[in-house]
Amino acid sequence: MASDTMSRRPPTLRRVRSDSRLATAAKEIAFLLSAALLYTLVRGLTSDRVDAAFRHAEDVISFEKTLGINVETDLQGLIFDHEWAIDAANGFYIYGYWPVFVLTLVWLIVRRPAAYPFYRNALLASGAFSLVIFAFYPLAPPRFLPWHGFVDTISLEAPTYREMNSPTFVNEYAAMPSLHFGWILLLGIAWVALSRVLVVRIIGATMPLLMFATIVLTGNHYVVDAIVGGGVVVAGIGVAVLIERAKRKRAVQAAIDDAHESSSDDGGAPGGAIPSQRTPNLSRVR
Numbered sequence: 021m022a023s024d025t026m027s028r029r030p031p032t033l034r035r036v037r038s039d040s041r042l043a044t045a046a047k048e049i050a051f052l053l054s055a056a057l058l059y060t061l062v063r064g065l066t067s068d069r070v071d072a073a074f075r076h077a078e079d080v081i082s083f084e085k086t087l088g089i090n091v092e093t094d095l096q097g098l099i100f101d102h103e104w105a106i107d108a109a110n111g112f113y114i115y116g117y118w119p120v121f122v123l124t125l126v127w128l129i130v131r132r133p134a135a136y137p138f139y140r141n142a143l144l145a146s147g148a149f150s151l152v153i154f155a156f157y158p159l160a161p162p163r164f165l166p167w168h169g170f171v172d173t174i175s176l177e178a179p180t181y182r183e184m185n186s187p188t189f190v191n192e193y194a195a196m197p198s199l200h201f202g203w204i205l206l207l208g209i210a211w212v213a214l215s216r217v218l219v220v221r222i223i224g225a226t227m228p229l230l231m232f233a234t235i236v237l238t239g240n241h242y243v244v245d246a247i248v249g250g251g252v253v254v255a256g257i258g259v260a261v262l263i264e265r266a267k268r269k270r271a272v273q274a275a276i277d278d279a280h281e282s283s284s285d286d287g288g289a290p291g292g293a294i295p296s297q298r299t300p301n302l303s304r305v306r
């Protein structure tokens with residue numbers, strides 16, 4: 021019996037960490053699936069509001085003209101004579117979003133687990149704000165308004181992508197806010213703030229700029245969509261900051277309470293002072 025017990029080695033620290041990260045990854049997959057379900061439900065809410073979506077599109081165009089930022093068709097005109105520019109814009113729109121999104125989250129979980137909850141919370145909060153806007157302000161994207169001079173470059177050069185994104189699963193009238201821009205902005209911030217490699221930080225700083233240009237050049241979003249997308253991400257970061265402050269406050273209070281309990285169990289010191297040689301147990305707040 022003793023030999024059997026001795027032969028069973030306790031799990032190594034590396035294995036414990038690996039199991040913990042696998043559990044974290046599983047929880048995050050559940051989060052993403054829940055978000056996808058919510059998105060689909062909101063798509064159902066807006067599917068019968070096509071007329072409203074096109075009315076809002078006309079309003080957005082008028083609003084941009086008032087501000088002098090109705091530049092989408094002018095910018096598109098700059099690339100129509102350059103096949104490589106169209107291919108580059110289409111390629112970055114398709115491959116610069118979900119692949120970057122997934123790889124960045126994996127990188128955060130594996131390499132920056134302490135920072136991951138902050139960006140996860142900012143992502144979920146900004147997504148929640150966006151769902152509210154999607155539900156109450158359906159908006160047809162520029163590519164649905166060719167009479168204004170907009171061109172859907174992806175349908176022209178990469179029609180397979182459109183076929184894969186069936187309206188059954190994709191809300192085609194959720195142009196505002198642009199999460200293509202907003203979430204790439206958030207992930208770019210993570211690259212700049214957390215990477216130790218200068219080249220990676222430079223790429224992180226340029227990704228949002230490239231995505232801003234791409235969503236306009238491909239006819240998928242208005243300039244205002246990107247501005248609002250950035251706004252919801254800033255709001256999401258604000259929520260994440262508040263959550264972190266609340267967690268820190270609870271952790272400090274729990275540590276103080278635990279230290280006082282330890283002091284009381286040991287007979288305490290005059291005046292209820294906390295023994296300096298004891299380390300508060302923070303496991304309750306993790």
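Its first residue numbered 21, the sequence shown is counted upward by one per residue in this note's numbering.
We put the beta carbon where it would ideally sit given N, CA and C, even for glycine.
Taking a contact to require three or more Cβ pairs closer than 8 Å, the region 220–238 and the region 79–90 do not qualify as touching. Shown here, Leu98 sits in coil according to DSSP, grouped into three states, outside any helix or strand. With contact defined as three or more Cβ pairs closer than 8 Å, the region 106–113 and the region 165–179 are in contact. Residue pairing by DSSP places Leu218 in no beta bridge whatsoever. Here the alpha carbons of Ala160 and Gly208 stand approximately 27 Å from one another. Close CB contacts of Ala55 within its chain, under the 8 Å cut and outside five residues either way in sequence, are with Leu144, Gly147 (chain order).
When DSSP states are grouped into helix, strand and coil, Ala233 belongs to the helix group.
Counted as a single uninterrupted DSSP element, the stretch harbouring Glu192 is not any alpha helix (DSSP H), since DSSP gives it neither H nor E. Cα atoms of Arg140 and Tyr193: separation of roughly 26 Å, rounded to the nearest angstrom. For Ser150, the enclosing alpha helix (DSSP H) begins and ends at 136–156. Counting along the chain, Ile114 sits inside the alpha helix (DSSP H) bounded by residues 103–115.
Rounded to the nearest whole angstrom, the C-alpha separation of Gly250 and Ala195 is 13 Å. Short of 6 Å from the beta carbon of Leu214, and not among the five residues preceding or following it, lie these beta carbons of its own chain, in chain order: Arg132, Ala135.
Of the residues Phe154, Ala50, Ser198, Gly169, the one whose Cα lies closest to the Cα of Val91 is Gly169. If you draw a 10 Å sphere on the C-beta of Phe112, you find 16 or more other C-beta atoms in it, and that means buried.
In the structure shown, the three-state DSSP call for Leu165 is coil.
In the DSSP assignment, the residues bridged to Leu159 are Ala194.
Take Phe232, set aside five residues on each side of it, and the residues of its chain with a beta-carbon closer than 6 Å to its own are Phe201, Ala246, in chain order. Nearest in C-alpha terms to Tyr115, of all of Val220, Leu230, Ala260, Val259, is Leu230. Counting other Cβ atoms within 10 Å of its Cβ, Pro119 stays below 16 and is therefore classed as exposed. Here Val248 is not near Pro166, since their CB atoms are 7 Å or more apart. Counting the other CB atoms within 10 Å of its CB gives Leu237 a total of 16 or more, which places it among the buried residues. Non-local C-beta neighbours of Thr44 in its own chain, meaning closer than 8 Å and more than five positions away in sequence, comprise Ile129, Pro133, Tyr136, ordered along the chain. Distance between Val272 and Ala210, taken at the CA atoms: about 26 Å. Measuring C-alpha to C-alpha distances from Val252 to each of Val220, Phe138, Ser150 identifies Ser150 as the nearest. Considered as a whole, the region 226–279 harbours no complete run of any beta strand (DSSP E) with no fewer than 3 residues. One thing to note: Glu177 has its Cβ no nearer than 7 Å to the Cβ of Asn240. Here Val80 is near Tyr242, since their CB atoms are less than 7 Å apart.
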